[in-house]
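For the sequence shown, the UniProt record's numbering gives the first residue as 1, with consecutive numbering after it.
We put the CB at the ideal spot given by N, CA and C, even for glycine.
Accompanying notes for the structure given below.
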Amino acid sequence: MQQKIADDFDRKILRELQSDARITNNELAERIGLSPSPCLRRVRRLEETGMIRGYTALVDPAAFGWGMVAIATIRLSRQNEDEIVMFEEAIRGWDEVLECHLVTGSRDYVLKVVTGNLEQYERFIKEKIARLKCVASIETSFVMNTIKERRL
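Structure representation (structure tokens):
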């Protein structure tokens, strides 16, 4: 069973670490109003219970030459286990796919895809997505501007 946030101190710790995961324990403790030892125990508990799944760097996609973001919706030809496994295994291996979500509704998956330009996106679709026999249709919207982006 998934652990829940214990109290306001845990919430404050999570918010501060989301804002700056490189913060020192002493600074974190000061910001949330605890002494360093109990603060560190709480952070370790949040890590051990899986509430903090890891730490990462947010990198500007342009550093990789990715200037275009697309949202692609995918419908599989059939929703049987073999096709689902085939699609999900392929997606996991593609660097262009930042996110993949299994969704309800008229589509099966929503992907967040990054490429350098429209030609590269077209190549990604033709050489990767469209070659999967399980894919029935692909619909794409291109991101013109990101208004809000936040990680949990």
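What number of angstroms, rounded off, separates the C-alpha of Asn25 from the C-alpha of Gly105?
For Asn25 and Gly105, the distance between alpha carbons rounds to 44 Å.
Three-state secondary structure assigned by DSSP to Ala57:
Correct three-state label for Ala57: coil.
Thinking C-beta only, is Val113 closer than 8 Å to Ala62?
Cβ distance not < 8 Å, so Ala62 and Val113 don't count as in contact.
Can you tell me which of the three DSSP states Lys4 falls into?
Residue state, collapsed to three classes: coil.
The beta strand (DSSP E) spanning Ser37 covers which residue range?
No beta strand (DSSP E) contains Ser37, which is instead part of the alpha helix (DSSP H) from 36 to 48.
Could you tell me if the beta carbon of Arg92 falls within a distance shorter than 7 Å of some heavy atom in the ligand COA?
This structure simply doesn't include the ligand COA, nor any ligand for that matter.
Tell me whether the beta-carbon of Leu28 lies closer than 8 Å to the beta-carbon of Glu16.
For the 8 Å CB-CB criterion, Leu28 and Glu16 form a contact.
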